[in-house]
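Here's the structure we're looking at; comments come further down.
Residue numbers (UniProt numbering): 1 to 177.
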């Protein structure tokens, strides 16, 4: 499980993923796993028994078995019962990750919830304004300066206060804007 998603995924989704993987561990220990990456009937039956419905689409009507599988919580199932108990006790997931997952961050920005990631965005060089508007900080962290020949437009980069001439045009390079 990638902790980058913990900041931006609902706790229910994180727990579903954890239980999904635990069902694989159960099968490796007590059952007969299918070929690599295949979610077989034994695994699907275990998932259902603990309150998660395997589905190729992650929604009702999807296939119960296959290579690429998702799941959804069964209303009134064991998973939801245990999850609800956990949430009543103010359960929190603690993790250490510097930045949230890019796709989830973009979703939050698109939905107007960028302010919840202000600290992460700031660390990435993006500022969240009072009105929620995002601006990219354009800091030149380089100590090099760009110089251009005014005749042939050749560019060079070097330390500040260089005194250099273009060998082709015999013209001094100027600091570029």
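Don't be surprised by glycine CBs; every beta carbon is placed ideally from N, CA and C.
Per DSSP, residue 160 lies in no beta strand (DSSP E) and is assigned neither H nor E.
Of the candidates 46, 157 and 51, the residue whose Cα lies closest to the Cα of residue 143 is 157.
For residue 136, the enclosing beta strand (DSSP E) covers residues 134 to 136. For residue 146, the enclosing beta strand (DSSP E) has its first and last residue at 145 to 148. Put simply, of 115, 24, 177 and 36 the residue whose alpha carbon is nearest the alpha carbon of residue 42 is 24.
Exposure of residue 110 is indicated by the presence of fewer than 16 other C-beta atoms within 10 angstroms of its C-beta. Shown here, residue 72 sits in a strand according to DSSP, grouped into three states. For residue 54, the uninterrupted beta strand (DSSP E) segment begins and ends at 52 to 55. Here the C-alpha atom of residue 26 lies approximately 13 Å from the C-alpha atom of residue 48.
The beta-carbon distance between residue 147 and residue 134, rounded to whole angstroms, is 33 Å. This is too long to meet the 8 Å contact definition. In this structure, residue 44 sits near residue 54, with a CB-CB distance shorter than 7 Å. Our two residues, residue 121 and residue 127, have alpha carbons roughly 6 Å apart in a direct line.
Across the structure, residue 19 and residue 103 are spaced so that their CA atoms are roughly 23 Å apart. Residue nearest to residue 167 within the set 39, 151 and 105 is 151 (criterion: CA-CA distance).
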